[in-house]
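Going down the list, the protein sequences come from chains E and B.
Remember, the working numbering sits 99 above the position in the first sequence when you count from 1.
At position 155 of the second sequence (counting the first as 1) the number is 138 in the working numbering, and the numbers step up by one without a gap.
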Amino acid sequence: MAEDKKEFWRWAESSWNNPDLDWENANIITVGIDVGSVSSQAVIMGDGKILSYGNMRTGSHSPKSAINAFNFALDALIDMPEDRMDYCVSTGYGRVNVPFSDRSITEIACHARGANFIYGPEVRTVLDVGGQDIKVIQCDDKGKVTNFLMNDKCAAGTGRGMEVLADLLGVSINEVGDRSFNVKEEPRAVSSTCVVYAKSEAAGLLRKGWTTEEVLAAYCRAMAERIYSLIERVGVVPEFGYRRHGKEQGNNGPVNAHGWS
Amino acid sequence: MITAGIDCGAKNTKAVIFKDGKIIGKGMVLTGFDQAGAIKESLEAACRAAGVSEKDIEKFGGTGAGRDSIKGAVIVNDIKALGKAANFFFPDARTAADVGAEEGRAAKLDERGNVVDFAVNEKCAAGAGAFIEAMSRALETPLEDMGRLALTSDSDIPINAQCVIFAESEVVGLIHGNIEKKDISKAIHDAIAGRIVSMIRRVGVNESVVMLGGVAYNPAFVKAVKTQLNIEKIRIPDYPEFGAAVGAAIAAGEQ
């Protein structure tokens, strides 16, 4: 029975610190907090370089989730006192509920700046597949947003939709992508319009004798189609690649389904 | 003349037997994943109840999400079935709505039950029975009790999410916020009613509104639709879940 209750959607929380940098040598310490619908992240930077980060599940209380994520990133640094923080920007759907934030900025602007910081000025299109929404953002060489489109009304194509399927199939969320590759040929997509429909469709396919991997592949394909249609509407500057952001970064299933890398 | 109508729905498959314009037998089974089996079983059950043999059926109509699995039937689309059924139960019906497990639809009718205009939702489970089912799981309240529970509340909490999946997380948030179950249940019913009300408004509200489909059994849903449409009365036949099957039988008989 205990096995039945296992929560397959539960992804692992993680933190990281940069072994090459020491916070004590930094003049200015800045912090970015992203309180999302499903996960909350905190990044601590010293003079514009990443010192540490923490990634946790968002609880039912946004301020508490922000504090927890910050402490998680802080704990990854040895002995840094909280008051070394000079400036904090909050973002994400819970951004106005971060008690120690100096300024809140939309996650759309933050994604564009983040992609520009990590991958350089050639990034023009940023795709963010988060817990409860998908965003396609276009930006200029400075990381300023020039256009964007988002879907936040429907779970199809979002991380939450993938969690629902992971639970249904009894596959740990971290394995969804890899296991979806274990098929002889790629099946057609399940319903890409509604997760509720896709769920009953997936259960029907299992009864018909499809393997778990085939159902995963069919679902990843539906998710990719959904996301791809959003990207097409914004349009892509052809010579530049996609940069994926968001929680689905670790899941390659939907990415491969459209031949992205 | 004996005719039959079968509605192979997302959740249940329903069959009715008509003799000379009167319903003489009904049968309903879970659709599950074997549509053909469910169609056969429901028809057998209806024939048993009517005391007729399948061979006696002269014409039969098929409708619902799984209508293509109904071999040999006159295929009747859901909207046409809705119009015919509403007109059969209430000849003065001019607006009809059908809320099933996974789809909702509304139609404007003429005096013979022909469809003048319609709106459907078949892309999204919000506004269908699956919404209340998912929420009853989140609230850990049996589905049958959801409506009665909601009727005991007079609060006005909005559910902001449109998507069933997101609404489930929102309801969990409300539970964590110590909002009473009855108030959450009312919020859920107000939300799903809002979806069907917008469809009814799109086709136009007339004085005689008929509601079919299994969700019409839910008193809190019906009350919320009445409140939002600002009308006194919604007419619901006995056994509203057989509405589409009735419509299919009538349409087949007219062929």
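Backbone N, C-alpha and C fix where the C-beta goes; we use that ideal spot for every residue, glycine too.
Review point. Using a Cβ-Cβ cut-off of 6 angstroms (strictly less than) and excluding sequence neighbours within five positions of V103 (chain B), which residues of its own chain qualify?
Key: What you label residue 103 (chain B) is simply residue 120 of the second sequence in a count that begins at 1. Once the five neighbours on either side are set aside, the close Cβ partners of V103 (chain B) are R88.
Review point. To the nearest whole angstrom, what separates the beta carbons of G193 (chain E) and S161 (chain E), a pair I think is in contact under 8 angstroms?
Key: Here residue 193 (chain E) refers to the residue found at position 94 when the first sequence is read from its first residue. Here residue 161 (chain E) refers to the residue found at position 62 when the first sequence is read from its first residue. About 3 angstroms; that satisfies the 8 angstroms criterion.
Practice item. Measuring only between beta-carbons, confirm whether S328 (chain E) sits less than 8 angstroms from chain B. Key: In the first sequence, the residue the question calls residue 328 (chain E) occupies position 229. Answer no: the Cβ-Cβ gap between S328 (chain E) and chain B never drops below 8 angstroms.
Review point. Which residues of chain E have a Cβ atom closer than 8 angstroms to the Cβ of F16 (chain B), listed in chain order?
Key: For this step, residue 16 (chain B) is matched to residue 33 along the second sequence. The answer, in chain order, is A302, G303, R306, K307.
Practice item. Would you decide whether D103 (chain E) is buried or exposed? Buried here means 16 or more other CB atoms lie within 10 Å of its CB. Key: Along the first sequence, one-based indexing puts residue 103 (chain E) at 4. For D103 (chain E), the predicted model reports a pLDDT of 49, less than 50, meaning its position is unreliable and no value from the coordinates is stated.
Review point. Taking C-beta to C-beta, are C293 (chain E) and A108 (chain B) nearer than 8 angstroms?
Key: Numbered from its first residue, the first sequence carries residue 293 (chain E) at position 194. Numbered from its first residue, the second sequence carries residue 108 (chain B) at position 125. Yes, they are a contact pair.
Exercise for review: Using three-state DSSP, classify S136 (chain E) as helix, strand or coil.
Suggested key: Position 37 of the first sequence, counted from the first residue, corresponds to residue 136 (chain E). Coil at S136 (chain E), not helix or strand.
Practice item. Compute every distance between the C-beta of L226 (chain E) and the non-hydrogen atoms of the ligand NAD, then say whether any falls below 7 angstroms. Key: The ligand content of the structure shown is nil, which means the ligand NAD is not present either.
**Study point:** Beta-carbon gap between F225 (chain B) and K54 (chain B) smaller than 8 angstroms
**Key:** Reading the second sequence from its first residue, position 242 is the one you call residue 225 (chain B). Reading the second sequence from its first residue, position 71 is the one you call residue 54 (chain B). For F225 (chain B) and K54 (chain B), no; Cβs fall outside 8 angstroms.
**Study point:** Interface positions of the stretch 246 to 260 of chain E facing chain B (Cβ-Cβ less than 9 angstroms), listed along the chain
**Key:** D251, K252, C253, A254, A255, T257, R259, G260
**Study point:** Residue range of the unbroken beta strand (DSSP E) whose run includes Y296 (chain E)
**Key:** The sequence position of residue 296 (chain E) within the first sequence is 197, counting from 1. Note, Y296 (chain E): premise wrong, no beta strand (DSSP E); alpha helix (DSSP H) at 294 to 306.
Review point. What is the rounded straight-line gap between the Cα of S191 (chain B) and the Cα of Y200 (chain B)?
Key: Stepping through the second sequence from its first residue, residue 191 (chain B) is reached at position 208. Stepping through the second sequence from its first residue, residue 200 (chain B) is reached at position 217. Looking at the two C-alpha atoms, the distance is approximately 18 angstroms.
Check your understanding: Among the residues of its own chain, which have a CB less than 8 angstroms from the CB of M129 (chain B), if the five just before and after it don't count?
Key -> One-based indexing of the second sequence puts residue 129 (chain B) at position 146. Around M129 (chain B): I115, M118, S119, L122, S168, I171, H172, N201, A203.
Point to revise | Reduced DSSP category for Q18 (chain B) - H, G, I as helix; E, B as strand; rest coil | key: In the second sequence, the residue the question calls residue 18 (chain B) occupies position 35. Q18 (chain B) falls in the helix class under three-state DSSP.
Practice item. Let me know the secondary structure DSSP gives Y222 (chain B) once reduced to three states. Key: For the purposes of this step, residue 222 (chain B) is identified with residue 239 of the second sequence, where counting begins at 1. Here Y222 (chain B) sits in coil by DSSP.
Point to revise | Beta-carbon proximity check, A111 (chain B) vs A90 (chain B), cutoff 8 angstroms | key: The residue you call residue 111 (chain B) lines up with position 128 of the second sequence. The residue you call residue 90 (chain B) lines up with position 107 of the second sequence. Not closer than 8 angstroms, so no.
Point to revise | Limits of the unbroken beta strand (DSSP E) element including G87 (chain B) | key: Locating residue 87 (chain B) in the second sequence gives position 104, counting from the first residue. Taken as a continuous stretch (DSSP letters only), the beta strand (DSSP E) holding G87 (chain B) covers 87 to 92.
Check your understanding: Near A(-7) (chain B), what residues of its chain come up, given a Cβ to Cβ distance below 6 angstroms and the 5 sequence neighbours on each side ignored?
Key -> Sequence index remark: in the second sequence, residue -7 (chain B) carries index 10 (1-based). Once the five neighbours on either side are set aside, the close Cβ partners of A(-7) (chain B) are A48, A84, E85.
Review point. What is the DSSP secondary structure of V229 (chain B), counted as helix, strand or coil?
Key: One-based indexing of the second sequence puts residue 229 (chain B) at position 246. Here V229 (chain B) sits in helix by DSSP.
Review point. Between the stretch 196 to 205 of chain E and the stretch 143 to 152 of chain E, do at least 3 Cβ pairs fall closer than 8 angstroms?
Key: no
Review point. Using a C-beta cutoff of 8 angstroms, does G47 (chain B) count as contacting chain E?
Key: As a working mapping, residue 47 (chain B) is identified with position 64 in the second sequence. False, the Cβ-Cβ gap to chain E never drops below 8 angstroms.
Check your understanding: Should the stretch 143 to 161 of chain B be called in touch with the stretch 183 to 198 of chain B, which here means at least 3 C-beta pairs below 8 angstroms?
Key -> no
Exercise for review: Please confirm whether G96 (chain B) and G66 (chain B) have their CB atoms less than 8 angstroms apart.
Suggested key: Here residue 96 (chain B) refers to the residue found at position 113 of the second sequence. Here residue 66 (chain B) refers to the residue found at position 83 of the second sequence. Closer than 8 angstroms, so yes.
Review point. My guess is that H210 (chain E) and K234 (chain E) are in contact by the Cβ rule of under 8 angstroms, so how many angstroms apart are they, rounded?
Key: Indexing the first sequence from 1 puts residue 210 (chain E) at position 111. Indexing the first sequence from 1 puts residue 234 (chain E) at position 135. Between K234 (chain E) and H210 (chain E) the Cβ distance is about 7 angstroms, and since that is below 8 angstroms, they are a contact.
Exercise for review: Please check if any C-beta of chain E sits within less than 8 angstroms of the C-beta of Q145 (chain B).
Suggested key: Start at 1 with the first residue of the second sequence, and residue 145 (chain B) comes out as number 162. Output row for Q145 (chain B): interface = yes.
Point to revise | Proximity below 8 angstroms, CB of F107 (chain E) to CB of G229 (chain E) | key: For the purposes of this step, residue 107 (chain E) is taken as the residue at position 8 of the first sequence. For the purposes of this step, residue 229 (chain E) is taken as the residue at position 130 of the first sequence. Going by C-beta atoms, F107 (chain E) is not nearer than 8 angstroms to G229 (chain E).
Exercise for review: Could you tell me whether the Cβ of V134 (chain E) comes closer than 8 angstroms to any Cβ of chain B?
Suggested key: Position 35 of the first sequence, counted from the start, is the residue given in the question as residue 134 (chain E). So, not an interface residue.
Review point. Whose Cβ in chain E lies nearer than 8 angstroms to the Cβ of I22 (chain B)?
Key: Within the second sequence, numbered from 1, the residue matching residue 22 (chain B) stands at position 39. Simply none; closest approach about 16 angstroms.
Review point. What is the rounded straight-line gap between the Cα of I285 (chain E) and the Cα of I62 (chain B)?
Key: In the first sequence, the residue the question calls residue 285 (chain E) occupies position 186. In the second sequence, the residue the question calls residue 62 (chain B) occupies position 79. The amino acid at residue 285 (chain E) is misidentified as Ile; the sequence shows Glu. Computed Cα separation, rounded: 36 angstroms.
**Study point:** Pairwise C-alpha distance: E206 (chain E) and E324 (chain E)
**Key:** On the first sequence, residue 324 (chain E) is found 225 positions in, with the first residue counted as 1. On the first sequence, residue 206 (chain E) is found 107 positions in, with the first residue counted as 1. So the two alpha carbons sit approximately 24 angstroms from each other.
Exercise for review: Please classify K346 (chain E): does DSSP put it in a helix, a strand, or coil?
Suggested key: One-based indexing of the first sequence puts residue 346 (chain E) at position 247. The pLDDT assigned to K346 (chain E) is 49, lower than 50, so where the model puts this residue is not dependable; a value taken from the coordinates is nonetheless given after this. K346 (chain E): helix per DSSP, three-state reduction.
Practice item. Say whether chain E places a C-beta atom closer than 8 angstroms to the C-beta of E37 (chain B). Key: For this step, residue 37 (chain B) is matched to residue 54 along the second sequence. So no, E37 (chain B) is outside the interface.
Exercise for review: Within 10 angstroms of the Cβ of I(-15) (chain B), are there 16 or more other Cβ atoms? Answer buried if so, exposed if not.
Suggested key: Locating residue -15 (chain B) in the second sequence gives position 2, where the first residue counts as 1. The residue is buried, with at least 16 neighbouring Cβ atoms inside 10 Å.
Point to revise | Other residues of its chain near S114 (chain E): CB distance less than 8 angstroms, five sequence neighbours each side excluded | key: Position 15 of the first sequence, counting from 1, holds the residue named residue 114 (chain E). Within the same chain, S114 (chain E) has close Cβ partners S151, Y152, G153, N154, F171, A172, D174, A175.
Review point. How big is the Cα-Cα spacing for A133 (chain B) and K165 (chain B)?
Key: Locating residue 133 (chain B) in the second sequence gives position 150, where the first residue counts as 1. Locating residue 165 (chain B) in the second sequence gives position 182, where the first residue counts as 1. Looking at the two C-alpha atoms, the distance is approximately 5 angstroms.
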